[in-house]
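Report on one structure; see the data block that follows.
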Amino acid sequence: MDIENKIIAITGAAQGLGASIAKCLGNQGATLALIDLNEEKLRALQQELRNNEINSEIYLADISNEQQVIKVIAEIERHFSRIDGLINNAGIIRDQFLNKPDKQGTIESLSLSNWQSVIDVNLTGVFLCAREVSKLMMQSQTKGVIVNIYSISRAGNIGQSNYSAAKSGVVALTVTWAKELARAGIRVAAIAPGFIQTEMTHSIKPEVLKRIESSIPLRRMGQPDEIAHAVQFILENDYFSGRIIEVDGGLRI
Ligand SMILES: NC(=O)c1ccc[n+]([C@@H]2O[C@H](COP(=O)([O-])OP(=O)(O)OC[C@H]3O[C@@H](n4cnc5c(N)ncnc54)[C@H](O)[C@@H]3O)[C@@H](O)[C@H]2O)c1
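Here the sequence shown stands for residues 0 to 252, numbered as in numbering that gives the first Met the number 0.
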C-alpha cells in the first residue's frame, strides 16, 4: 500500500503509541481519523498535525461500546467514504495478581471489574473496530489493512492475567482474520511492542524500571516512533499478513 492519500483510522490516538503512529503516517501523506476518549488530547494532537500540514478528523468514542463503534465508523464513512487502514491501538492496564496475600495474610483477588474492563477494551474493542471497518472495506471494495497492537505480555506476565488473556486473544484474531479477509484483499497483521516509553509505562516504579531495562538485551526501553515505524512497514508491504512483528529490544518474557 502506498500510504500517501490513504485514510487511516487509529484508536487510542490521543497519546503514546497512537499519537506517534498518527505523526508517522501523517508524514507519509495519510489522512487520519483519530479515535479516543480524551477530547483535550485529541484536539492538541490535531493542532500539532495541522501545524505540520497533516489532515485529520477527531472522533470521540469508547471502543468497548458496540453502539459507539458502529456510530463512529459510520461517521468516518460519511466524511471520507472509505477507510484504507485501521490501527487497533487503544488499550488499558488494570494489573492485579489472581490472588495475593497482604502483610496480614488476607488474600486480595483480581476483581471481576478489573478483569472485565481490560477484556472489554483490549479484546472486544479490537473485535468491534475490526468488524465494522472490514465490513466497510468489503462494501467499498477497498483492499485495506488492519494492524493490531498487542504485547509481548501475551505469553503470560505476572500480575497481568486480564491483559495477557486479552492480548493473546488478539494474536488468534489476527491470524483468523488474515485467513478470512484475504479473499476480500484485506491484510491483517500485528505488532508486539516490548516496554515502550509512554504514559502506560510511566507508572512503573523507578527500581522496577531499572530491573526491566537490565533484562532487555538492548538495555533500554523502546521509543513510540520505533513502533510507528513497524506499523508503516506492515502497511507498505503487500505480502505481509497473518503475522506478528515483535519490537522489543530482544526481550523474551
Ligand atoms: N507502552 C508499552 O510499553 C506497551 C507495550 C506493549 C503493548 N502496548 C500496547 O500499545 C497500545 C498503546 O499503548 P500506550 O502505551 O500508547 O498507552 P497509553 O495509555 O499511553 O494510551 C492509550 C490510549 O488509548 C485510549 N483509550 C483507552 N481506552 C479507550 C477506549 N475504551 N476507547 C477509546 N480509546 C481508549 C486512551 O485514552 C489513551 O489515549 C495498547 O494497546 C497497549 O496495550 C504498549
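Note that the Cβ used here is the ideal one computed from N, Cα and C, for glycine as well.
Assigned secondary structure, S213 (DSSP; H/G/I helix, E/B strand, else coil): Assigned with DSSP and collapsed to three states, S213 falls in helix.
Quick one: is S213 buried, meaning 16 or more other Cβ sit within 10 Å of its Cβ, or exposed? Exposed is the call here.
Could you tell me the distance, in whole angstroms, from the CA atom of A229 to the CA atom of D247? Approximately 11 Å, taken between the alpha carbons.
Expected contact under 8 Å - CB spacing of D83 and G143 to nearest Å: That pair is a contact at about 5 Å.
Alpha helix (DSSP H) segment containing Y162, residue limits: Looking at the DSSP string, the run of the alpha helix (DSSP H) that includes Y162 is 160-180.
Starting from the N-terminal side, write out each stretch of the alpha helix (DSSP H) that is 4 residues or longer and does not extend beyond the stretch 94-131. Runs of alpha helix (DSSP H) with 4 or more residues, each lying fully within the stretch 94-131, are found at 111-118, listed in chain order.
Is any heavy atom of ligand 3 found at a distance shorter than 8 Å from the C-beta of Q14? The model on display carries ligand 1 but not ligand 3.
Meets three-Cβ-pair contact criterion under 8 Å: the stretch 229-238 and the stretch 171-183: Put simply, the stretch 229-238 does not touch the stretch 171-183. Fewer than three CB pairs are less than 8 Å apart.
From the DSSP secondary-structure annotation, give me the bridge partner or partners of R191. A small correction: the amino acid at residue 191 is Ala; Arg does not occupy that position in the sequence shown. A191 is bridged to E245.
Does the beta carbon of V120 fall short of 8 Å from some heavy atom of ligand 1? At least one heavy atom of ligand 1 lies closer than 8 Å to the C-beta of V120.
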